[in-house]
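Novice: I am attaching a structure below and will ask some questions about it afterwards.
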Amino acid sequence: MSWHPQYRSSKFRHVFGKPASKENCYDSVPITRSVHDNHFCAVNPHFIAVVTECAGGGAFLVIPLHQTGKLDPHYPKVCGHRGNVLDIKWNPFDDFEIASCSEDTTVMVWNLDTKESVIVNPVRTITCHQDVILSMSFNTNGSLLATACKDRKIRILDPRLGTILQEASYKGHRANKVLFLGNMKKLLSTGTSRWNNRQMALWDQDNLSVPLTEEDLDGSSGVLFPFYDVDTNMLYIVGKGDGNIRYYEVSAEKPHLSYLTEYRSYNPQKGIGTMPKRGLEVSSCEIFRFYKLITTKSLIEPISMIVPRRSESYQEDIYPPTAGAQPSLTAREWLSGMNREPILVSLRPGSQPLSPRPLPPEKPLSTPTARTSPQLLDHTAKLSAEDGQRPLSQPEGKAPRWAAEHRPEEKKSWLTNGFDIFECPPPKTENELLQMFYRQQEEIRRLRELVTQREVQAKQLELEIKNLRMSSAF
Numbered sequence: 001m002s003w004h005p006q007y008r009s010s011k012f013r014h015v016f017g018k019p020a021s022k023e024n025c026y027d028s029v030p031i032t033r034s035v036h037d038n039h040f041c042a043v044n045p046h047f048i049a050v051v052t053e054c055a056g057g058g059a060f061l062v063i064p065l066h067q068t069g070k071l072d073p074h075y076p077k078v079c080g081h082r083g084n085v086l087d088i089k090w091n092p093f094d095d096f097e098i099a100s101c102s103e104d105t106t107v108m109v110w111n112l113d114t115k116e117s118v119i120v121n122p123v124r125t126i127t128c129h130q131d132v133i134l135s136m137s138f139n140t141n142g143s144l145l146a147t148a149c150k151d152r153k154i155r156i157l158d159p160r161l162g163t164i165l166q167e168a169s170y171k172g173h174r175a176n177k178v179l180f181l182g183n184m185k186k187l188l189s190t191g192t193s194r195w196n197n198r199q200m201a202l203w204d205q206d207n208l209s210v211p212l213t214e215e216d217l218d219g220s221s222g223v224l225f226p227f228y229d230v231d232t233n234m235l236y237i238v239g240k241g242d243g244n245i246r247y248y249e250v251s252a253e254k255p256h257l258s259y260l261t262e263y264r265s266y267n268p269q270k271g272i273g274t275m276p277k278r279g280l281e282v283s284s285c286e287i288f289r290f291y292k293l294i295t296t297k298s299l300i301e302p303i304s305m306i307v308p309r310r311s312e313s314y315q316e317d318i319y320p321p322t323a324g325a326q327p328s329l330t331a332r333e334w335l336s337g338m339n340r341e342p343i344l345v346s347l348r349p350g351s352q353p354l355s356p357r358p359l360p361p362e363k364p365l366s367t368p369t370a371r372t373s374p375q376l377l378d379h380t381a382k383l384s385a386e387d388g389q390r391p392l393s394q395p396e397g398k399a400p401r402w403a404a405e406h407r408p409e410e411k412k413s414w415l416t417n418g419f420d421i422f423e424c425p426p427p428k429t430e431n432e433l434l435q436m437f438y439r440q441q442e443e444i445r446r447l448r449e450l451v452t453q454r455e456v457q458a459k460q461l462e463l464e465i466k467n468l469r470m471s472s473a474f
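Okay, so the sequence shown: first residue is 1 according to the UniProt record's numbering, each after it adds one.
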């Protein structure tokens, strides 16, 4: 009988968490002090939104992603809820549309493509909820919806008909959060065990009678937030109230969950946000990015999960095709019962969607009388060009509504509280001026290092070409 060691090779075994420097954090942010167990933060490649403290209702902030440093105390807010805002989520197909839910049992959809300094009028208001739903998750093609309710049971629903397809009756696991694991036909839930230990459980979506596996983590009281990366099959477990981020690799065979390592920090997180794959830095081998809310410091700290690689070229093996920002179905097609997988894109700079499909025009959610800010669309086009993607707010082949009215020399500045909300505010104190100066010096140093590295690579390539020519001559 031969002995086989319990060792599993993985390209993600040495993934490490890298917190951002102080200059690249968001400081003096009035983060909410709500006791609810939610993320309180949402991120896309252009903006970061965070739930904030507000008297007489609920509100949240929307900050341009590049506007790091100290936040203006009079920064405009998105207001409209009668109760505290519990959570916020960006539209995955429109970077200027966001939804918020509140204690007043309403869900509001907001369009940020406006010049108003304080947004108080939502595009849509949804008022159909009667009880507390703790968590929900769609599968990849939108045909199934998993929920975790106040009764701590997991249910799988048909989102079009509203019928319950599966319901967990297992008493040994009380679920708080639930998550579909891509196309594996499995669910992952986090919650508590019978002995009130923090626990995660893996389920077969076709049989919720007994979990496939359970794992107790610790005896802390904070809720566990699960995040799953479909492209790398990595699972991240973030605990509220502690500074740790555990990550696992998920496989279809037993053992389904393989522990990799853990990111540790002394600063406890109040909430957490994640960047979509299309907003990551592929040049630094970044495969995931968190935005950690630290209430004790009024700080939002980005944390990048990086695969250590020596080469600076694009790494195909850690960046497979991922879901893009183009929908594969219209709302009418989805409601009629059609299912289709997401349209995949490559993260290689300058690449195009792998399976583009033109969609028929639909009535937009925004009001037809709302005017579009030209500076906002220019900013979107600039950011999209940097990401190697087309702007999301302007369809191809269609000129913007303001193109005939505004000429380049007649552009107006869209100001909020005296400064452009899509540009860094001018320094107001000597300390802010010094911070901006140091930031520019650091950027110059980084660019010089990059130029030096490129020169070394060019010389190496020249030597390789010379060697190949010499070898072919003989």
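We treat Cβ as the ideally placed atom computed from N, Cα and C, and that holds for glycine.
#1: In the structure shown, what three-state DSSP assignment does R195 receive?
#2: Going by DSSP in three states, V120 sits in which element: helix, strand or coil?
#3: Here's the rule I'm using: 16 or more other beta-carbon atoms within 10 Å means buried, otherwise exposed. How should N197 be labelled?
#4: For F437, which three-state DSSP category applies?
#5: Let me check understanding here. Comparing Cα to Cα, which of H81, R82 and Q67 lies closest to Y75?
#6: Is it buried or exposed for G239, if we count other Cβ within 10 angstroms and need 16 for buried?
#7: Under a Cβ-count criterion, where at least 16 other Cβ atoms within 10 Å of its own Cβ denotes burial, should P349 be classed as buried or exposed?
#8: Just to check my reading of the structure: P321 and S346 have Cβ atoms closer than 8 angstroms, yes? What is that Cβ distance to the nearest angstrom?
#9: Does the pairing of the segment 166-181 with the segment 98-117 give three or more beta-carbon distances under 8 angstroms?
#10: Pick helix, strand or coil for M470, following the three-state DSSP scheme.
#11: Helix, strand or coil, according to DSSP, for I48 in the structure here?
#12: Quick check on this structure: which residue in Y319, P308 and E301 has the alpha carbon closest to the alpha carbon of S21?
#13: L202 and S212 - do their beta-carbons sit closer together than 8 angstroms?
#14: Quick check on A99: does DSSP put it in helix, strand or coil?
#15: Which first and last residues belong to the alpha helix (DSSP H) in which L335 is found?
#16: Which whole-angstrom value is the C-beta distance of S102 and N84, which I expect to be below 8 angstroms?
#17: May I ask you to verify whether the segment 11-19 touches the segment 31-45, counting CB pairs closer than 8 angstroms and requiring at least 3?
#18: Roughly how many angstroms lie between the CA atoms of S265 and L179, to the nearest whole one?
#19: Are the Cβ atoms of S220 and D206 separated by less than 8 angstroms?
#20: Run the CB neighbour count on A59, radius 10 Å, all protein chains shown included, and call it buried at 16 or more, exposed below.
#21: Mapping the DSSP letters down to three states, classify P358 as helix, strand or coil.
#22: Nearest by alpha-carbon distance to S193: which of N244, L217 and N183 is it?
#23: Taking the alpha-carbon of H36 as reference, which of L335, Y228, K270 and M470 has the nearest alpha-carbon?
#24: Should V223 be listed as close to the ligand NAP, given that the test is whether its C-beta is under 7 angstroms from any heavy atom?
#25: Helix, strand or coil for I465 per DSSP?
#26: How many angstroms separate the CA atom of L433 from the CA atom of G69?
#27: Residues bridged to D216 by DSSP?
#28: Apply the 10 Å Cβ neighbour rule to K292 and answer buried if 16 or more other Cβ atoms are within range, or exposed otherwise.
#29: Determine the burial state of A252: buried for a count of at least 16 other Cβ atoms within 10 Å of its Cβ, exposed for fewer.
#30: Output the boundary residues of the beta strand (DSSP E) element that contains K292.
#31: Classify Q441 as buried or exposed, calling it buried when 16 or more other Cβ atoms lie within 10 Å of its own Cβ.
#32: Is the separation between the beta-carbon of E249 and that of F437 shorter than 8 angstroms?
#33: Assign T190 to one of two classes, buried (16 or more other C-beta atoms within 10 Å of its C-beta) or exposed (fewer than that).
Specialist: A quick look at the data gives this:
#1: The sequence as given places Trp at residue 195; Arg does not occur at that position. DSSP places W195 outside both helix and strand once states are collapsed to three, so it counts as coil.
#2: coil
#3: exposed
#4: helix
#5: Q67
#6: By the Cβ neighbour-count rule, G239 is buried, with 16 or more other Cβ atoms within 10 Å of its own.
#7: Burial call: exposed.
#8: 6 angstroms
#9: no
#10: helix
#11: strand
#12: E301
#13: The sequence as given places Leu at residue 212; Ser does not occur at that position. In contact: L212 and L202 (Cβ atoms closer than 8 angstroms).
#14: strand
#15: A331 to L335
#16: Between N84 and S102 the Cβ distance is about 6 angstroms, and since that is below 8 angstroms, they are a contact.
#17: no
#18: Going by the C-alpha atoms only, they are around 25 angstroms apart.
#19: No.
#20: buried
#21: The predicted position of P358 is uncertain, since its pLDDT is 47 and thus under 50; no value can be drawn from it.
#22: L217
#23: Closest option to H36, Cα to Cα, is K270.
#24: In terms of ligand content, the structure shown is empty, and the ligand NAP therefore cannot be addressed.
#25: helix
#26: 12 angstroms
#27: Q199
#28: buried
#29: exposed
#30: E286 to I294
#31: exposed
#32: no
#33: buried
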